[in-house]
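S.K.:
In this note's numbering, the protein residues as written are 7 to 275.
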């Protein structure tokens, strides 16, 4: 039985508002910077330390609202409307963990925006955090973001080889959490130092991973690397197409529910 926490709601009949937690703030912000495409969909953007839940048709990765540590979850269907509920569970400088429900009849699942420590001497802290997140729930789980690590030497171009122990530790962390890489389409690398040859470095640091329960629920998921002119990282566009798990319903406003938080508390955080 799911909890019914205090909610913050908005209606699609009014001007669109985002609920954003950035730089230790939680504020309402209009969607003036958001761009839309012609394909009907709903988009949830998760990044660290930014949480942006949008009631938009799409988000252009190169827009001023884009963030270099962003993962975009695109929920599309050919017909009907989606009632999306997102419950903020907890967050830190390195992660945002939310529960997501698509339509009241669907099971809740987790979506974690993750940011791995860039300092290799602190990388183990990231894998310990990932392990703790895994232990908190057995739900279907999607985890995406900038892990600041690669899974194979082929995910790196230029410079010296990545130390084997770093790759091995990252693989072990994902295995311990039963998370599998979802693959991608688009450019093979998600980060570039923007140097000219011969000092160019490119790496696949950003990725989307999920456990078996999640991939069974969304078998048609696709991940696209979307280049951004405003950042040295690409965005991750995670698209969920029509599947049997979706139940078509009449249009209803989406709701953002911050579990265990209120506005004054988050502002002090």
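Even for Gly, the Cβ is constructed at its ideal location relative to N, Cα and C. Predicted, not measured: the structure shown is a model, and the values here were computed from it.
What number of angstroms, rounded off, separates the C-alpha of residue 155 from the C-alpha of residue 130?
M.R.: Distance between the alpha carbons of residue 155 and residue 130 is about 11 Å.
S.K.: Comparing alpha-carbon positions, which option in 137, 141, 152 and 118 lies nearest residue 240?
M.R.: Comparing Cα positions, the closest option is 152.
S.K.: So, residue 197 versus residue 209, is the Cβ gap smaller than 8 Å?
M.R.: The answer is yes: Cβ separation under 8 Å.
S.K.: Give the DSSP bridge partners of residue 177, in chain order.
M.R.: Bridge partners of residue 177: none, in fact.
S.K.: Run through DSSP, which three-state label would residue 107 get?
M.R.: In the structure shown, residue 107 sits in a strand (DSSP, three-state: E or B).
S.K.: Output the distance between the C-alpha atoms of residue 35 and residue 172, rounded to the nearest integer angstrom.
M.R.: Residue placement at residue 35 is flagged as unreliable, the pLDDT there being 32, under the threshold of 50; a coordinate-derived value is accordingly withheld.
S.K.: Starting from the C-beta of residue 103, find all residues in its chain whose C-beta is less than 7 Å away, skip the five residues before and the five after it, and write them out in chain order.
M.R.: The answer, listed in chain order, is 95, 96, 97, 116, 118 and 139.
S.K.: Just to confirm the assignment: which complete alpha helix (DSSP H) runs, minimum length 4, are found wholly within the segment 112-195?
M.R.: Within the segment 112-195, the complete alpha helix (DSSP H) runs of at least 4 residues are 129-141 and 170-182.
S.K.: Where residue 192 and residue 203 are concerned, what is the direct C-alpha to C-alpha distance, given to the nearest angstrom?
M.R.: Residue 192 and residue 203: Cα-Cα distance of roughly 22 Å.
S.K.: Of all the options 184, 242 and 132, which has the alpha carbon lying nearest to the alpha carbon of residue 145?
M.R.: Taking only the C-alpha atoms, the option nearest residue 145 is 184.
S.K.: Check this for me: beta carbons of residue 190 and residue 231, under 8 Å apart or not?
M.R.: In contact: residue 190 and residue 231 (Cβ atoms closer than 8 Å).
S.K.: In the DSSP output, which residue or residues are listed as bridge partners for residue 197?
M.R.: Residue 197 is bridged to 209 and 239.
S.K.: How many Å lie between residue 132 and residue 179 at the Cα?
M.R.: C-alpha separation (whole angstroms): 9 Å.
S.K.: List the whole-angstrom C-beta distance separating residue 216 from residue 188, where the pair is believed to meet the contact cut-off of C-beta under 8 Å.
M.R.: Confirmed, Cβ separation roughly 6 Å.
S.K.: Can you tell me which of 120, 165, 157 and 158 puts its alpha carbon nearest to the alpha carbon of residue 150?
M.R.: Checking every option, the nearest Cα to that of residue 150 belongs to 120.
S.K.: In this structure, how does DSSP classify residue 95 when only helix, strand and coil are distinguished?
M.R.: Residue state, collapsed to three classes: strand.
S.K.: Taking the alpha carbon of residue 143 as the reference point, which residue from 114, 158 and 195 has its own alpha carbon closest?
M.R.: Cα-wise, what sits closest to residue 143 is 114.
S.K.: For residue 101, count neighbouring C-beta atoms within 10 Å of its own C-beta (all shown protein chains included) and say buried if the count is 16 or more, exposed if not.
M.R.: That one is buried.
S.K.: Please state whether the Cβ-Cβ distance between residue 199 and residue 158 is less than 8 Å.
M.R.: No, these two residues do not count as a Cβ contact at 8 Å.
S.K.: Whole-angstrom Cβ separation of residue 148 and residue 214, contact assumed at under 8 Å?
M.R.: Sure, about 7 Å apart at Cβ, within 8 Å.
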